[in-house]
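Single-structure report; data block below.
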Amino acid sequence: AATAAAPAFLAGLLRPVAVMGARHIAKKYRFDADAEEATPQVLIETLDALRAALGSGGHVVGDGFTAADILGATLLQGVRPVEGYVKVGPETTRMWHDPAVAERYADLLAWRDDVYTRYRRA
């Protein structure tokens, strides 16, 4: 990503700065690599809860569009980025796409896409 964001002649020079920045953020926010292993299960539990909350009503809370719908739709970016509304490069799309989870939650992705179609301009 650094090479895409910086001119080629600077990318190599900026690498040590990026490493230092990443270490600083990891230390500041107490990043725990072991906790990262629990992330997939937490995601599955959260997506199951989102599916249950949606039920057959089409909205996470109540009968209308709320911030909860926005949060649910945003969460699904990490499963498969929405197309046509949020610009992400091919590498980001590849990193964010989880085919197994996308297949398991195809209904939620369809819901998310519908939310974007109804409530967001391209």
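Each residue of the sequence shown is one higher than the one before, starting from 4 at the first, in my numbering. Glycine included, each C-beta is placed from N, C-alpha and C at the ideal position.
Proximity to residue i [Cα-Cα], best of the options
i    : options                : result
D101 : L78, L17, R123 and A11 : L78
G87  : Y108, D117 and D51     : D117
Q80  : A56, Y108, G58 and G65 : Y108
A123 : T95, A76, R97 and A105 : Contrary to the premise, residue 123 reads as Arg rather than Ala in this sequence. The shortest Cα separation from R123 among T95, A76, R97 and A105 belongs to A76.
Delimiting residues of the alpha helix (DSSP H) encompassing residue i
i    : result
T95  : P93 to W99
P102 : P102 to R107
Beta-carbon separation (whole angstroms), residue i vs residue j, contact threshold 8 Å
i   : j   : result
L53 : V45 : That belief does not hold up - the Cβ atoms of L53 and V45 are roughly 13 Å apart, past 8 Å.
V82 : L57 : About 15 Å; that fails the 8 Å criterion.
Between the CA atoms of residue j and residue i - distance to the nearest angstrom
i   : j   : result
A70 : F12 : 43 Å
G65 : D51 : 18 Å
A5  : I28 : With a pLDDT of only 47 at A5, under 50, the local geometry of the prediction cannot be trusted, and no value is derived from it.
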